[in-house]
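Be aware that the sequence shown starts at 448, since it is given in my numbering, and climbs by one per residue.
Comments concern the structure below.
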Amino acid sequence: MRSFLIVVTVFLALACSRNKVPKGILTQKEITPVLVDLHLAESVYAQRFSMKTDYQNYQDDLYLSVLKKYKLNQKVFEESVFYYGKHPDQFKPVYDELLNRLNEMLAKSRAKDSIQNKK
448 MRSFLIVVTV
458 FLALACSRNK
468 VPKGILTQKE
478 ITPVLVDLHL
488 AESVYAQRFS
498 MKTDYQNYQD
508 DLYLSVLKKY
518 KLNQKVFEES
528 VFYYGKHPDQ
538 FKPVYDELLN
548 RLNEMLAKSR
558 AKDSIQNKK
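Dropping the structure here:
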């Protein structure tokens with residue numbers, strides 16, 4: 448009976464620690480706003496032709512400016528993305544929150560445009 452309790456305790460300890468990210472990896476709360484801003488930066492980059500921007504390193508600068516905003520090392524960010532890519536069960540809530548935030552921004556933008564169009 449005692450060995451059974453030890454096995455169950457070890458199993459539960461491993462199961463509970465399963466969702467914890469390793470040291471040096473951004474948590475779900477930390478990586479979500481970074482990914483939101485990176486998606487927004489990609490959107491800006493996609494508009495570069497309408498803005499008549501020929502700058503060669505524009506995309507890299509946008510990417511690095513987001514990392515700088517959050518005071519992140521590129522290696523830490525890339526390792527975090529790699530980690531979450533290997534653990535989709537932990538990445539799904541991050542991406543769900545990311546989509547919620549982007550949809551909220553879109554709704555606010557549309558509401559603002561609608562108000563401006565009425566004036």
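Ideal Cβ placement from N, Cα and C applies to all residues, glycine included.
- Residues 468 of the same chain have their beta carbon placed closer than 8 Å to that of residue 474, with the five preceding and five following residues left out of the count.
- Residue burial annotation: residue 529 is exposed, with fewer than 16 other C-beta atoms found within 10 angstroms of its C-beta.
- Excluding its 5 nearest sequence neighbours in each direction, residue 488 has C-beta neighbours in its own chain below 7 Å: 509, 510, 513, listed in chain order.
- CA-CA distance, residue 484 to residue 470, rounds to 23 Å.
- Look at residue 495 here: in three-state DSSP terms it is coil, with no helix or strand label.
- Sequence-distant Cβ neighbours of residue 505 in its own chain, meaning closer than 8 Å and more than five residues away, are 492, 495.
- Within the segment 510–545, complete alpha helix (DSSP H) segments of at least 4 residues are found at 521–533, given in chain order.
- Taking a contact as a CB-CB distance under 8 Å, the pair residue 481 and residue 531 does not count as one, their CB atoms being some 12 Å apart.
- Residue state for residue 468 is assigned as coil, using DSSP reduced to three classes.
- Look at residue 473 here: in three-state DSSP terms it is coil, with no helix or strand label.
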